[in-house]
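A quick write-up on the structure given underneath.
Have a look at this one:
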């Protein structure tokens, strides 16, 4: 490295290698994986840490450490103009090329060649810089050739003949150098030596390559032999067809790095890159940005063609593109072959041995591209398409770069670049970004609307975009090439009739994500496999986004376009019938899933649709979780003759909402269904949705309103099964509010009615609840009998929800008996099963119980980790009761650790949470713990006040803890930490 007049050698082979790779891509991000491969030959976490160390050391060697920065796409070394000799060399070559005076051109070229000091990147043997070394070497030889051509044009043929002899000796396979030597000798009056030089060139080429001299050298030989006047030809015109690149391009560092990597890896075969993505995502902008960035690596030119694959015009014919390129390469129009195959062969011949970049924009198919491909590995091809062009990937080894919509960060950068100081309100900017679906084209059109009406601001533009249907009208610049609806239409027109109908029906689908089964029902054709094939074609055309698990989605603008097409193409009756089929499908699938979660809770429903395979509770719970929001949205929006579906969904999803703790959806769905069921006089359904609403209120800790709703539901319950379910819910409410005897009464009745209805597995839930209540009152034998029997039956039938619940209860029983190892085993099993069955509330309770058991085992760090996980889950579910329980348990663990200060903080926090809702039992626990801490600190009056408050709450709840606390108040005892 050079600093002023002094040279500072960079020590350390790894740092020299690191600097070499960064300089080879100066001012461009270099991916971490590329650097790791260069330095150590393999990626890995350990390598990444070592790389950071060497980057840090290299920064210390730089005059400005912040020259070397790190971003999402990798490390970037900033080099200013004039600092890198390779860049100075390239600039001098460009200057000489534009110079009309051959003498001055020759002087400039000699200056450029004088910058060379041996081989580029001397002593650096890395594949990552090999391409740059080769490129610079080729540029040097081209400069040497141009130097002697300029000298000959300046009339200095005698002066350079000797230099040319030496140069040809060192580079005997460069035909142009042979030609320049022959011309220098001939114009110096040495015709015989010029002819001898030709024969020498022919022998060398024949011996080394098995080839005769090319047509240019043969033609020169003929002219010299005939004694004709020969002028030095001007350098061939280099095609430079790349269109203008937008100056406000932002982001896309990862995609640019992928393209760099494809180019660098293409040493033996032609690098072919396909940028694939949806309409308006910025494929052309990315292609031009990259092409301009690397064009110096293609000194023989850049060819460009708009293939018009998706647009209002007819797609370009390969033959027409080839004819244009041949003319650009110097072929006279009359010499362009008529046959397309001959044109392709002629182009490949012209490109042989040359470094040319070919950019093919907007390709419609692989067949359109294949005739345009060169046969020379020194060339590179960049293609953009809305199609994935799988044929090129499979047949020609092309590598695909999937261009997704912009990230929110990139979209913000683009708007800032386009609007400058107008970007002030970050909320409005984020709303505008979502309105434009993060599509660069839409963002540019929207930004132009803001610029055109500067006094209105971004927030008013967002207000205009409020109506989804209006967005497509507003995102029209007046130019067909810059109109969102027009570019979508270009993709849509390329679809088959079947694929086009599927696309329209996705616009009718109420879900954000669509799978083949539901779309098959919507289409009404009954062939799921055919639908999958159609979705694959839509994905290949980038009209849908694949989101995993065989699901697809449309971004908001495409969804609006699909919905618009559906309304224009399908009649109102056709749309209504399609929706009815979809709703029936969802009800059939949801009934099957519920049958695994709550066996026997619903009668079988078969409307003839093919539904996804659901083998067990995990499959059922997973399907319900994925589709619940869609089904809830259906229930909220149906009206008229389809309004009854709201009630149907509420009934079918009741158990799933309960098991999964889907409180928001339960309130929305059951609230709408209650109104419709009451209006239509469906008392049985009204009873079910009232129970669902009661459970939702219970989950919100609104215990009194929950009790009232459940009592209303009990009056409307139809049959022993429905009655048993309501009684179970009433019993659970009483358990949580501490009304033990009332809870036992409800639970016993529930268990009897489930048995009477033949619903043995559903009857396990009240049995487990009774086991928990027996444990609370110290009746351990009775508790053990209930819980072991429930666990045995659940395991025998593979009914995991009840098995998980029983394991949780058994964990508490063994903990109270001091059998901590067995308790931990049951708690861990309960946690695993709760997670598998997506029983979220039980997952939280199992985590809570596991934490208390780990405290009893003396494993305080793991206990605190369990409490923390419980707290996170409680807040996700917005369960104040569980949150207060977790905080109380955390405090008790801190007491066991001797940290009374942190314990007090946690208990006061728990008390605040418990006081915000009717979590009476947990509030009493918090007061008890605070009393214990005050007693230990000698603050007897404060301790008594907390204990007395706790006693009053326990007595109101008829809880057994009241007696123990009364004894503590009357006796001087040493408080112990409860488990």
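In my numbering, the protein residues as written are 523 to 1501.
For every residue, glycine included, the Cβ atom is placed at its ideal position computed from N, Cα and C.
Remember, it's a predicted structure, so these values are computed and weren't measured experimentally.
- At a Cβ-Cβ threshold of 8 Å, residue 543 and residue 560 count as neighbours.
- For residue 1378, the enclosing alpha helix (DSSP H) begins and ends at 1362-1378.
- Under the criterion of beta carbons closer than 8 Å, residue 795 and residue 784 qualify as touching, at roughly 5 Å.
- In this structure the region 1376-1386 touches the region 1342-1362; the number of beta carbon pairs closer than 8 Å is three or more.
- When Cβ pairs closer than 8 Å are counted between the two stretches, the region 1051-1063 is seen not to touch the region 959-975, the count staying below three.
- Relative to residue 1199, the option among 1175, 895, 1208, 1150 whose CA is nearest is 1208.
- In the DSSP assignment, residue 884 falls outside any alpha helix (DSSP H) and within the unbroken beta strand (DSSP E) covering 879-885.
- For residue 1444 and residue 1423, the gap between their C-alpha atoms comes out near 20 Å.
- Here residue 1042 is buried. Its C-beta has 16 or more other C-beta atoms within 10 Å.
- Where residue 905 is concerned, the enclosing beta strand (DSSP E) starts and stops at 902-907.
- Counted as a single uninterrupted DSSP element, the beta strand (DSSP E) harbouring residue 1037 occupies residues 1035-1037.
- When C-beta atoms of the region 1286-1299 are compared with those of the region 1327-1341, three or more pairs fall below 8 Å, so the two segments count as touching.
- Of the other Cβ atoms in all chains shown, fewer than 16 fall within 10 Å of the Cβ of residue 991; this residue is therefore exposed.
- In the assembly as shown, residue 1157 is a buried residue. Its beta-carbon has 16 or more other beta-carbons within 10 Å.
- Counting of Cβ neighbours within 10 angstroms places residue 616 among the exposed residues, the total staying below 16.
- As summarised for the region 895-982, the continuous beta strand (DSSP E) elements at least 3 residues long and confined to that stretch are 902-907, 921-924, given in chain order.
- Counted as a single uninterrupted DSSP element, the alpha helix (DSSP H) harbouring residue 1428 occupies residues 1422-1437.
- Judged by DSSP secondary structure, residue 824 falls within the beta strand (DSSP E) whose first and last residues are 824-828.
- Going by C-alpha positions, residue 1384 is about 21 Å away from residue 1451.
- Check the Cα spacing between residue 1077 and each of 1252, 1046, 803: the tightest is with 803.
- Taking all protein chains shown into account, residue 840 has 16 or more neighbouring C-beta atoms within 10 Å of its C-beta and is therefore buried.
- Contact check between the region 1254-1273 and the region 1472-1484: three or more CB pairs, one atom from each, fall below 8 Å, which counts as touching.
- Counting only residues of its own chain and dropping the five nearest sequence neighbours on each side, residue 781 has a CB closer than 7 Å to the CB of 795, 812, 923.
- Scanning 1087, 1055, 1088, 1083 for the CA closest to the CA of residue 1073 turns up 1055.
- Shown here, residue 646 sits in coil according to DSSP, grouped into three states, outside any helix or strand.
- Contact between residue 1215 and residue 1231 is confirmed by a C-beta separation of about 5 Å, below the 8 Å threshold.
- Minimum Cα-Cα distance from residue 1470 among the listed residues 1485, 584, 1185, 1460 corresponds to 1485.
- When beta bridges are read from the DSSP output, residue 796 appears opposite 905, 922.
- In this structure residue 881 is in contact with residue 824, their Cβ atoms being roughly 7 Å apart against a cut-off of 8 Å.
- Rounded to whole angstroms, residue 838 and residue 632 show a C-alpha spacing of 45 Å.
- DSSP places residue 597 in the uninterrupted beta strand (DSSP E) bounded by 596-599.
- When the beta-carbon positions are compared, residue 934 and residue 967 stay at least 8 Å from each other.
- No Cβ-Cβ contact shorter than 8 Å links residue 1169 with residue 1138.
- Residues 1173, 1176 of the same chain have their beta carbon placed closer than 6 Å to that of residue 1210, with the five preceding and five following residues left out of the count.
- Judged by their CB atoms, residue 883 and residue 829 are nearer to each other than the 8 Å cut-off.
- A direct Cα-to-Cα measurement between residue 716 and residue 768 gives close to 51 Å.
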